[in-house]
Amino acid sequence: MAMILDYYGHEANLYELCCDFENSRDGLSIREIKDIASYFGLDSKATEILNIKKFLGNKFVEPYIALTQNAHYIVVEKHNEHSVVFIDPERGRITEDISNFANNISGIVIFFSPNRKFTKKKKHSNFFKILKIGKIDIKRLCYISLISILVQSLTLLLPLLTRFIIDNVISKGEMYRLGMLFSIFSLITFYALFSFIRTKLIITVEKRYIFTLKDKIVGKIFTLPMKFFDSRSSGEIVTRINNLDSLEKIISSGISSLLIDLSTIIIAFIAMAMISLYFTLIITCFAIFLFIVLYFLLKKLEEKNSNFISSKELTQGYLMEIFSNLLFLKVSAKGDVSYTKWKEMFSNELKFDVERENYLNIFQTFISIYRLVPNLLILILGGLEVQQHMMSLGSLMSFLSLVSLLLSPITLIVQNCFQFQFCFTILDRVFDIIYTPEEKNQFSISKLPPFEMMTFRNLSFAYSSACKVIYDISLTIKKGERIAIVGRTGCGKTTLIKLLLRLYDVEKNTILYNGNDINLFDLNSYRKSFGVVLQNDVMFNDTVISNIDLTHSHSMEDVISAASLAELDIEINNMPMGYYTSIGDNGNNLSGGQRQRLAIARAILQNPEIIIFDEGTGQLDTITEKKIMDNLKHKGITQIFITHRLSNAQEYDNIIVMDNGKIIDSGKHDELCGKEGMYKRLFETSYN
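Numbering (numbering that gives the first Met the number 0), first residue to last: 0 to 687.
Here's what the structure looks like:
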């Protein structure tokens, strides 16, 4: 939608669209795209093209959205009887022949046209926003600016001295006056001293600013709602954080360079105007021409930067997936397939990078020529004026020195503009993190009371407006109970638990804690009352004790007690270094059962009211699982199991059977097995 809006003149920031219109884990539906278009004053029409090749054979110059065969949206820019130009968010701008394109799209397209409500808008610069977020030190920047002006003023003395020596010493033969020039060496000392102070101030400002910026962005990630991560891969997010390193170099060097270059330009212009106003106007025209060319080039570069960064995010994201599933890829002999796919993605990334670098190379060549032409022109025109005695030779040589001194910072500013353009492309993705609203936590009860009862009251939920995944759930869980939620894959079990943990917003009074709406409680306090054990819980490349006590705030006795309740203490003591044994990357030095029990010990250590097992005991034998269940019951901890394995089914106080987002049955094991239904079929399948 950002591309469509941009075509019609409404330049919308991608992060603003993401904040204003939530993108669910299932992506946008056609109806949601039409709603967004309507909001911005665009009429839209979705239709199915039956004869795709005939449609593509007609010339079309206005963009539209097309749906591919693999349910992926692309923006078609234009097409004629020979080729189609389209933009794939993953691959950038592509030109393809009619036949190949026709075979890859489904035929469903969405056309757009602006109506009376549509307004054009220029994109706001992110530069000052990022300075504000990082809280740049304005006071020190002022000091840097003043010192920069002083340093550059000393630099400009050289052309003026050149003029003095030629016109007043060499031309008049007054060589005795050269002695006074030795006093200039004292100025060199001042130049070196002020340059040192300026650089030291710049380093201080840069590092403080970058620390604040990174601290805010990384800190913000931990406050974002779960729906933010549903529509973005971990690779995307990690790449955005890594790109902050590029941002650091661009912003820190760019800002300091900008201050120095601007002060040089101002002083050089004043000095040039004092020598020749006519020649200064000529140089000004060249500078204006350069910035006009720059404006148009930056528009094209924005797209190339965006293509490169998008492909980089995809490549790094896929590489992360490979490393996190390396064991599976090895044992299933699928490593070659993954390697080939990564190589294709990386080749695509390099292609975009080469396009971007070649584009920059064209401009660098233009800059090199640009720097020669003004000097040559002034030399010719100035030479004529010297011959006609309208200008002294010293003034001409001084002016030429000033032109070189002026063009150098101008070209540096232009080059920094290209760097800032790359920076702005990164910022669009970083602002997606910064400006996404935090999880709602408008609480009126800060301290959570002891758990007595959890109630679901007519709970329904949808990840997007397309369809609901939870329908009218009503359920009560009492303190100390052991509850199982069973059902086929995709029936809504895990979603129900996510809602219980307030990972997604629910309607008021649909989930109650001790009779109070869960949204009334402080979010952190509420979540601390839960322990959660996942099928593949996170393990860090550290010691056993560090993986159990993540906060390093519990006593050794508490850690041992938690490990004992998780039936892991004896095995830990048999390890080479006991609780200080390293478990390896992602716990690879442990067995599957040991990893799950370590995760259970971690959950127990925080002294929760409720522990949720999302397939969290699947790698334990039946006897060990029952021991842990009994240990937790003796502690009075409420247990909720999401499971497909029903080996200890008789131990549950209540079994909730779900299908297609609804509770279709509930009761104890014997009661449910006594009647024909889904639970009986699930149990028999599990038992067999």
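Ideal placement from N, C-alpha and C gives every residue a C-beta, glycine not left out.
Practice prompt. Take G106 and list the residues in its own chain whose beta-carbon comes closer than 6 Å to its own, dropping the five residues that flank it on each side.
Written response: Your numbering for residue 106 matches position 107 in the sequence shown. Around G106: E47, I48, I51.
Item to complete: Note down the Cα distance separating Q414 from D471, rounded to an integer number of angstroms.
Response: Stepping through the sequence shown from its first residue, residue 414 is reached at position 415. Stepping through the sequence shown from its first residue, residue 471 is reached at position 472. Taking the straight line joining both Cα atoms gives about 60 Å.
Worksheet item: Residues in its own chain within less than 8 Å of T493 by CB, not counting five upstream and five downstream?
Response: Along the sequence shown, one-based indexing puts residue 493 at 494. Result list for T493: D613, I641, in chain order.
Discussion item. If the criterion is Cβ atoms closer than 8 Å, does the pair D96 and S82 meet it?
Written reply: As a working note, residue 96 is residue 97 in the sequence shown. As a working note, residue 82 is residue 83 in the sequence shown. Result yes, Cβ atoms of D96 and S82 sit closer than 8 Å.
Worksheet entry | Extent of the continuous beta strand (DSSP E) run through E31 | Start at 1 with the first residue of the sequence shown, and residue 31 comes out as number 32. Segment 29-38 is the alpha helix (DSSP H) holding E31; no beta strand (DSSP E) there.
Worksheet item: Contact check, T637 vs K478 under 8 Å by CB: the rounded distance?
Response: Here residue 637 refers to the residue found at position 638 of the sequence shown. Here residue 478 refers to the residue found at position 479 of the sequence shown. With 8 Å as the limit, T637 and K478 qualify as a contact, their Cβ atoms being about 6 Å apart.
Item to complete: Using the DSSP secondary-structure output, state which residues sit across from T67 in a beta bridge.
Response: Counted from its first residue, the sequence shown places residue 67 at position 68. According to DSSP, which records beta bridges pairwise, T67 is partnered with I104.
Discussion item. Within a Cβ cutoff of 6 Å, which residues of the same chain sit near P408, ignoring the five residues on either side of it in sequence?
Written reply: Looking up residue 408 in the sequence shown gives position 409. Here the set comprises D260, T263, I264.
Item to complete: To the nearest angstrom, report how far apart G334 and L500 are at their CA atoms.
Response: For the purposes of this step, residue 334 is identified with residue 335 of the sequence shown, where counting begins at 1. For the purposes of this step, residue 500 is identified with residue 501 of the sequence shown, where counting begins at 1. Roughly 37 Å between the two C-alpha positions.
Fill in: Rounded separation between I281 and S256 - CA only
For the purposes of this step, residue 281 is identified with residue 282 of the sequence shown, where counting begins at 1. For the purposes of this step, residue 256 is identified with residue 257 of the sequence shown, where counting begins at 1. Distance between the alpha carbons of I281 and S256: 25 Å.
Worksheet entry | Touch test, the segment 346-360 against the segment 379-389, Cβ-Cβ under 8 Å, three pairs minimum | no
Discussion item. Tell me the rounded alpha-carbon separation between D548 and L349.
Written reply: The residue given as residue 548 occupies position 549 in the sequence shown. The residue given as residue 349 occupies position 350 in the sequence shown. Straight-line Cα distance between these residues: approximately 43 Å.
Item to complete: Return the Cβ separation of L522 and N440 in integer angstroms, given the expectation that the two are a contact with Cβ distance under 8 Å.
Response: One-based indexing of the sequence shown puts residue 522 at position 523. One-based indexing of the sequence shown puts residue 440 at position 441. In this structure, L522 and N440 form a Cβ contact; the two beta carbons are roughly 4 Å apart against a cut-off of 8 Å.
Item to complete: Identify every run of the alpha helix (DSSP H) within the segment 511-561, keeping only runs that are complete inside it and at least 4 residues long; order them along the chain.
Response: Taken in chain order, the unbroken stretches of alpha helix (DSSP H) that lie wholly in the segment 511-561 and span 4 residues or more are 522-526, 543-547.
Practice prompt. Give the range of the alpha helix (DSSP H) segment to which L700 is assigned.
Written response: Residue 700 lies beyond the residue range present for the chain, which begins at 0 and ends at 687; the question has no answer from this structure.
Worksheet entry | Cut-off 6 Å between Cβ atoms - residues of its own chain near K44, not counting five sequence neighbours on either side | In the sequence shown, residue 44 corresponds to position 45, counting from 1. The residues are F110.
Worksheet entry | Any 3 or more C-beta pairs closer than 8 Å across the segment 596-609 and the segment 532-548 | yes
Discussion item. Between E235 and E312, how many whole angstroms is the CB-CB distance? I'm expecting something under 8 Å.
Written reply: Sequence index remark: in the sequence shown, residue 235 carries index 236 (1-based). Sequence index remark: in the sequence shown, residue 312 carries index 313 (1-based). Sure, about 5 Å apart at Cβ, within 8 Å.
Fill in: Sufficient close CB pairs (3 or more, under 8 Å) joining the segment 266-277 to the segment 395-403
The answer is yes - the segment 395-403 touches the segment 266-277, with three or more Cβ pairs under 8 Å.
Discussion item. Suppose only complete runs of 4+ residues qualify. What are the alpha helix (DSSP H) ranges in the segment 412-486, listed by chain order?
Written reply: none
Fill in: Straight-line Cα distance separating V372 from F54
Taking the sequence shown and counting its residues from 1, one reaches residue 54 at position 55. Taking the sequence shown and counting its residues from 1, one reaches residue 372 at position 373. The straight-line gap from Cα to Cα measures roughly 51 Å.
Item to complete: Report yes or no: do the segment 336-350 and the segment 313-327 share at least 3 C-beta pairs separated by less than 8 Å?
Response: yes
Practice prompt. Let me know the secondary structure DSSP gives N653 once reduced to three states.
Written response: The residue you call residue 653 lines up with position 654 of the sequence shown. N653: strand per DSSP, three-state reduction.
Practice prompt. Could you pull out every residue in the same chain whose Cβ sits closer than 6 Å to the Cβ of R92, ignoring the five residues on either side in sequence?
Written response: Mapped onto the sequence shown, residue 92 falls at position 93. Excluding residues within five positions, the ones whose Cβ falls inside 6 Å are I86.
Discussion item. Can you give me the C-alpha to C-alpha distance between Q593 and L567, rounded to a whole angstrom?
Written reply: The residue labelled residue 593 in the question sits at position 594 within the sequence shown. The residue labelled residue 567 in the question sits at position 568 within the sequence shown. Taking the straight line joining both Cα atoms gives about 7 Å.
Worksheet entry | Nearest-angstrom beta carbon gap, F195 and T435 [assumed within contact, 8 Å] | For the purposes of this step, residue 435 is taken as the residue at position 436 of the sequence shown. For the purposes of this step, residue 195 is taken as the residue at position 196 of the sequence shown. Contact flag wrong, Cβ pair sits at about 43 Å.
Item to complete: Please confirm if the segment 611-629 is in contact with the segment 570-580, defined as three or more CB-CB distances below 8 Å between the two stretches.
Response: no
Worksheet item: In this structure, does DSSP put V385 in helix, strand or coil?
Response: Start at 1 with the first residue of the sequence shown, and residue 385 comes out as number 386. Residue state, collapsed to three classes: helix.
Discussion item. What would DSSP say about F110, mapped onto helix, strand or coil?
Written reply: Working through the sequence shown from its first residue, we reach residue 110 at position 111. The answer is strand: DSSP assigns F110 an E or B state.
Item to complete: Specify the secondary structure class of L223 as computed by DSSP and reduced to three states.
Response: Within the sequence shown, residue 223 is the residue found at index 224, counting from 1. Per DSSP, reduced to three states, the secondary structure at L223 is coil, with no helix or strand assignment.
Practice prompt. Could you please give the first and the last residue of the uninterrupted alpha helix (DSSP H) stretch that includes Y6?
Written response: As a working note, residue 6 is residue 7 in the sequence shown. Unbroken alpha helix (DSSP H) run through Y6: 1-6.
Worksheet item: Based on Cα-Cα distance, which residue from K58, N57, I64, G56 lies nearest to A36?
Response: Along the sequence shown, read from residue 1 onward, the residue named residue 36 stands at position 37. Nearest option by C-alpha distance: I64.
Item to complete: Give the DSSP-derived three-state secondary structure of I641 in the structure shown.
Response: Locating residue 641 in the sequence shown gives position 642, counting from the first residue. Strand.
Worksheet entry | N-terminal and C-terminal residue of the beta strand (DSSP E) that S82 is part of | Numbered from 1 along the sequence shown, position 83 holds the residue referred to as residue 82. Looking at the DSSP string, the run of the beta strand (DSSP E) that includes S82 is 82-87.
Worksheet item: Considering G592, what are the terminal residues of the alpha helix (DSSP H) in which it resides?
Response: Looking up residue 592 in the sequence shown gives position 593. Residues 591-604.
Discussion item. Suppose only complete runs of 4+ residues qualify. What are the alpha helix (DSSP H) ranges in the segment 267-318, listed by chain order?
Written reply: none
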